[in-house]
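Asks: Each step along the sequence shown adds one to the number in our numbering, with nothing skipped, and position 102 is 104.
Have a look at the structure that comes next, please.
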Amino acid sequence: FCSFKKYGSGYPIILLYIIQITCLFMSSSSKSISNNDKTSVLEDEEEFSLVVSKGRDLLENKTEFQTDDWVWTRDLDDGGIFFFCYLLIDYRQQTLNKNSLRESVHTLNLLLHKMLPPREKTGLPLLGEFQVIFTLYERLKREEMTWDDCEKYIMEQISEHQ
């Protein structure tokens, strides 16, 4: 997933930067989830903000995203932008088409807001919440799950990271 060789030189540097940040997030999130000190929380928030900022820059400044096909991205909240950056990798690898990308971004954002208990109850940092949803997404790519199964899986993931 995190090998730059797959992406070649055809990708704009901002996309490679987003991929790099996302890879760092994916590799460090389990450590961050179990470490709840203030420094870790601030680092989580900084990483999140950096990905969101770079994602917004990409959407606002890259010609590819200035067409009507991408108008839906203008309404994304920060969580949606973060999901977009992660899923853009699957789009570039042609695992997702434009419509699937849009549906997946909205679905993951919905799952984040509707399926995860409040942060105060889970004790998960910001990136930890996204890690739980990303883990669910990766599992859903391999197998179908009911809503109840998804809820159970999320609770298992939260328990593992507490």
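By construction, the Cβ of each residue, glycine as well, lies at the ideal position given by its N, Cα and C atoms.
Please read these numbers as outputs of a predicted model, since none were measured by experiment.
(1) How many angstroms separate the CA atom of aspartate 80 from the CA atom of leucine 128?
(2) Would you report the Cα separation of leucine 90 and leucine 103, rounded to the nearest angstrom?
(3) Would you kindly check if the distance between the Cβ of isoleucine 156 and the Cβ of leucine 118 is under 8 angstroms?
(4) Leucine 114 and isoleucine 135: beta carbons closer than 8 angstroms?
(5) Rounded to a whole number of angstroms, what is the C-alpha to C-alpha distance between serine 55 and phenylalanine 85?
(6) Please state whether DSSP places glutamine 133 in a helix, a strand or coil.
(7) By DSSP, does glycine 82 sit in helix, in strand, or in coil?
(8) Within 10 angstroms of the Cβ of aspartate 46, are there 16 or more other Cβ atoms? Answer buried if so, exposed if not.
(9) Which same chain residues end up closer than 6 angstroms to threonine 148 when comparing Cβ atoms and leaving out the 5 residues on each side of it in sequence?
(10) Spatial neighbours of threonine 75 within its chain, please: CB distance less than 6 angstroms, with the 5 preceding and 5 following residues excluded, ordered by chain position.
(11) Just how far apart, CA to CA, sit lysine 100 and cysteine 152?
(12) Please report the straight-line C-alpha distance between arginine 143 and phenylalanine 132, rounded to a whole angstrom.
Replies: On the basis of the supplied data:
(1) By one-based count along the sequence shown, residue 80 stands at place 78. By one-based count along the sequence shown, residue 128 stands at place 126. Taking the Cα positions, aspartate 80 is about 12 angstroms away from leucine 128.
(2) Your numbering for residue 90 matches position 88 in the sequence shown. Your numbering for residue 103 matches position 101 in the sequence shown. Distance between the alpha carbons of leucine 90 and leucine 103 is about 7 angstroms.
(3) By one-based count along the sequence shown, residue 118 stands at place 116. By one-based count along the sequence shown, residue 156 stands at place 154. Yes, the pair counts as a contact, with Cβ atoms nearer than the cut-off.
(4) Residue mapping note: residue 114 aligns to position 112 of the sequence shown, counting from 1. Residue mapping note: residue 135 aligns to position 133 of the sequence shown, counting from 1. Closer than 8 angstroms, so yes.
(5) One-based indexing of the sequence shown puts residue 55 at position 53. One-based indexing of the sequence shown puts residue 85 at position 83. Straight-line spacing of the CA atoms in serine 55 and phenylalanine 85 works out to 13 angstroms.
(6) What you label residue 133 is simply residue 131 of the sequence shown in a count that begins at 1. Helix.
(7) Against the sequence shown, residue 82 aligns to sequence position 80. Looking at glycine 82 - three-state DSSP - the assignment turns out to be helix.
(8) Walking along the sequence shown from the start, residue 46 turns up at place 44. Result: buried.
(9) In the sequence shown, the residue the question calls residue 148 occupies position 146. Non-local beta-carbon contacts of threonine 148 in its own chain, meaning distances under 6 angstroms to residues more than five positions away in sequence, are absent.
(10) The residue you call residue 75 lines up with position 73 of the sequence shown. Once the five neighbours on either side are set aside, the close Cβ partners of threonine 75 are Leu61.
(11) Here residue 100 refers to the residue found at position 98 of the sequence shown. Here residue 152 refers to the residue found at position 150 of the sequence shown. Between lysine 100 and cysteine 152, the alpha-carbon positions lie close to 24 angstroms from each other.
(12) The residue labelled residue 143 in the question sits at position 141 within the sequence shown. The residue labelled residue 132 in the question sits at position 130 within the sequence shown. For the sequence presented, residue 143 should be read as lysine rather than arginine. Each residue's Cα considered, the two are about 16 angstroms apart.
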